[in-house]
Each structure stands twice: as C-alpha cells, then as structure tokens.
Amino acid sequence: MDTENNPTENTNELFSNRVDLSQLKEAVNNIKEQLGKVIVGQEAFIELLLVSLLADGHVLIEGVPGVAKTVTAKLLAKTIATDFSRIQFTPDLMPSDVLGTSVLNMKTSDFEFKKGPIFSNIVLIDEINRAPAKTQAALFEVMEEKQITMDGERYVMHPPFMVLATQNPIEQEGTYALPEAQLDRFLFKINVGYPNLDEEIQIITAHNERKGALPQTQVTAVLTEAALLEYRSKVFEVLVEEKIIKYIAQLISNTRNNAHLYLGASPRASIAVLMAAKAFAAINGRDFVIPEDVKKSIYPVLRHRIMLTPEREMEGMTADKVIEMIVQSVEVPR
Numbered sequence: 001m002d003t004e005n006n007p008t009e010n011t012n013e014l015f016s017n018r019v020d021l022s023q024l025k026e027a028v029n030n031i032k033e034q035l036g037k038v039i040v041g042q043e044a045f046i047e048l049l050l051v052s053l054l055a056d057g058h059v060l061i062e063g064v065p066g067v068a069k070t071v072t073a074k075l076l077a078k079t080i081a082t083d084f085s086r087i088q089f090t091p092d093l094m095p096s097d098v099l100g101t102s103v104l105n106m107k108t109s110d111f112e113f114k115k116g117p118i119f120s121n122i123v124l125i126d127e128i129n130r131a132p133a134k135t136q137a138a139l140f141e142v143m144e145e146k147q148i149t150m151d152g153e154r155y156v157m158h159p160p161f162m163v164l165a166t167q168n169p170i171e172q173e174g175t176y177a178l179p180e181a182q183l184d185r186f187l188f189k190i191n192v193g194y195p196n197l198d199e200e201i202q203i204i205t206a207h208n209e210r211k212g213a214l215p216q217t218q219v220t221a222v223l224t225e226a227a228l229l230e231y232r233s234k235v236f237e238v239l240v241e242e243k244i245i246k247y248i249a250q251l252i253s254n255t256r257n258n259a260h261l262y263l264g265a266s267p268r269a270s271i272a273v274l275m276a277a278k279a280f281a282a283i284n285g286r287d288f289v290i291p292e293d294v295k296k297s298i299y300p301v302l303r304h305r306i307m308l309t310p311e312r313e314m315e316g317m318t319a320d321k322v323i324e325m326i327v328q329s330v331e332v333p334r
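Residue 1 is where the sequence shown starts when you use the UniProt record's numbering, and the numbers rise one by one after that.
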C-alpha cells in the first residue's frame, strides 16, 4: 500500500513508539503497587524517586520527622534486587566511616583497603546535614564520578549507584548546611509534606491492620539489577526535539538574570532537567518529551540550585514561587 496516499497509516507510524517502553512502564507500575502496600498517598514523592532512579540521579529528601522519608526510601530499595546500605550521619562521623580505610594485614604486612558502607548500589544517608563539612566532602567524588580515590588507588562503584539523602528543615541546631557544590550533585530535591485527613486515617488503619508486622516485610523485589540498567538505557533513547531543548535552555538561562535570585542554575541543571523530562516521558509510555515533562522536572531540579536574594528571603518568598514565575514567563513550545 502507498503510505504517502494513506494519511491514516502515516499518522499511526508517526505516533508509534520507536522505543519499546511497555516493560519499563509495567516495572514502574509494579514498584508503585509494592510501595502502595505500605505508603499511603505520597504519589508525587514516589514518582519523583522512580524518575530519579531511571535518570541515574541522586535525591535529597527534605521533610519534618515522621512523614515516611526514610521508610519510603528503604522500601524503594527493597523493590529492586540489588545491594542496599544505610548510613546515619552524626557530628562525629569521619570520612573513613563512609568511604572505608586502609588496615594493616598482619599476614602479608601490607595495607589493605576495607570498603565502607558507600560501596553499595542504593545508599540511604539519614540526616546528611548532621555530619561536618569534611565528611560531607567525602561524597563529592563518589556522587559525581561514581568512584573514590584512596591512597592513590581508584575504586569504581558497581552500577546502579544512587544516593538517597534525607534532612530535616526545622531542627537546624547542630547541623551543617550542605555547600552549593554538593547540592548541585543531587538531581532532585523533594519536599515531603504532611498527609491530608483522609490519608492520615488510612495510615492509622493500615498500621492497625498490620498488627506489629514491619513495613519492609510487606514489600518484595520486583525489578532486577539488569532490568534497571536496561530501562536506563531506554531513557537515553527518548526523543527530544530542538524546540524542547531551547525551552529548557531558556528556563535555566532566566534563573541567571532574575532580580529575585542571588544565584542562578548551572548547566548541570539543564542536563538534569533534560534527563528527568526523558524519564517522565518514559514512565508514561512515551518515547518523546513534551513541555509538560519539562514543567514537572523543573521544580525539583531547581529548588536546591537557586538562591534567593536576602531581601526576597526576608519577604518570605520561596524558591518554588520564583520557579513558577520563571515558568510562566517563558513561552511554551507548540
């Protein structure tokens, strides 16, 4: 059949996926189903975690104690058949407690490197702002380059490698604010809020019905390490048109000459928006990015990368409000 004279067939070809994302979408739904056994609400939080997982990015999770930040991160790790470790950051934590240290082997009289808890696939760091600057700095290389250098030797992390870090925005006494260079290494900053009344009732009911069973016993692994790496490679293949790339560039560029901002976003933020938008498209079964994917990505990507001027901060303006103003000021591509 001559497809040039058959507009219906042309349309079907035009909108058919070049990349098969059906298995990826099914895997995402399976993870959501597992987490839904324990976590009530928090759909946006879970979706952002999954997007970050597929986009090969790290996540900073901020919220008051008791809103299931740590539990959700731990349960996400349990849905994937891969290694998991948790590090509780404290003021007396040393870099060697995270990365590892060289110890003397009495048999060989040589020093051997004993790997620290950072050598895992999914690493949960609780209260990352509790540790001093030198311990926080130990994460710089491993988060960006997925390797550490110790005593002149390079140790590469086994993929997948993802850091999930939590912090409490309220109790700041005795904490060490993360430097901008480290904040920039997180793909997303996710703000986790309180549940609404209906969700609160569901949380209490679910806890009562578990009759003391631990939340992690309710969740099983539904995704293999190999499958995750395959799905990540499919995310890279998602199509991004030139007009979408220009749209991302305009949004990021507008943070650098904004009267409300003291610090704008770096080119790393542009790449983060691109990769997050691709992952959003993929989990929705699309192999092409639309402006809505960019809009979903822009808030968690930028909120920890921009810095308000002292005047705007004193007025109570927030990063999200400035981002909203920027999004509204840039024309959406058609």
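Ideal placement from N, C-alpha and C gives every residue a C-beta, glycine not left out.
Quick caveat, the model's predicted, so the values are computed rather than measured.
query, result
"Cβ-based burial, residue 136 [other Cβ within 10 Å; buried from 16]", "buried"
"Limits of the unbroken alpha helix (DSSP H) element including residue 180", "180-183"
"Residue 99 beta carbon less than 9 Å from that of residue 234", "no"
"Pairwise C-alpha distance: residue 81 and residue 106", "36 Å"
"Backbone CA spacing between residue 282 and residue 75 [nearest angstrom]", "22 Å"
"Under 9 Å between C-beta atoms of residue 186 and residue 165", "yes"
"Whole-number beta carbon distance between residue 263 and residue 326, since they are thought to touch under 8 Å", "No, residue 326 and residue 263 are not in contact; Cβ-Cβ is about 14 Å, not under 8 Å."
"For residue 152: DSSP bridge partner residues", "According to DSSP, which records beta bridges pairwise, residue 152 is partnered with nothing at all."
"Which of helix, strand or coil DSSP assigns to residue 312", "helix"
"Euclidean distance between Cα positions of residue 144 and residue 275", "15 Å"
"Every unbroken alpha helix (DSSP H) inside the region 20-60 [4 residues or more]", "22-36 and 43-54"
"The region 219-228 touching the region 24-37, judged by at least three CB pairs closer than 8 Å", "yes"
"Under the three-state DSSP convention, the category residue 280 falls into", "helix"
"7 Å CB neighbourhood of residue 177 in its chain, flanking five on each side removed", "129"
"Own chain partners of residue 39 with C-beta closer than 8 Å, once the 5 adjacent residues on each side are dropped", "46, 68, 71, 72 and 75"
"Reduced DSSP category for residue 307 - H, G, I as helix; E, B as strand; rest coil", "strand"
"Same chain, Cβ closer than 6 Å to residue 243, neighbours up to 5 away in sequence not counted", "333"
"Range covered by the beta strand (DSSP E) that runs through residue 83", "It is not in any beta strand (DSSP E) - residue 83 carries neither H nor E in the DSSP assignment."
"For residue 224 and residue 18, the rounded distance between their alpha carbons", "24 Å"
"For residue 59 and residue 49, believed in contact at Cβ under 8 Å, the rounded distance", "6 Å"
"Nearest neighbour of residue 84, chosen from 132, 113, 315 and 117 [CA to CA]", "117"
"Secondary structure of residue 224, DSSP reduced to three states", "strand"
"Limits of the alpha helix (DSSP H) - the one that residue 137 falls within", "133-137"
"Length of the line joining the Cα atoms of residue 335 and residue 101", "An answer regarding residue 335 cannot be provided, because it is not within the stretch 1 to 334 covered by the chain."
"Proximity below 9 Å, CB of residue 162 to CB of residue 148", "no"
"Residue interval of the beta strand (DSSP E) (run including residue 166)", "162-167"
"Stretch pair the region 252-261 + the region 308-327: three plus CB contacts closer than 8 Å", "yes"
"Beta-carbon proximity check, residue 330 vs residue 288, cutoff 9 Å", "no"
"Distance, residue 265 Cα to residue 302 Cα", "7 Å"
"DSSP three-state assignment for residue 289, whether helix, strand or coil", "coil"
"Buried/exposed call for residue 261, threshold 16 Cβ in 10 Å", "buried"
"Pairwise C-alpha distance: residue 189 and residue 77", "18 Å"
"Rounded Cβ spacing between residue 208 and residue 160 (contact assumed at less than 8 Å)", "Going by Cβ atoms, the distance from residue 208 to residue 160 rounds to 36 Å, so no, they are not a contact pair."
"Residues bridged to residue 123 [DSSP beta-bridge criterion]", "85 and 163"
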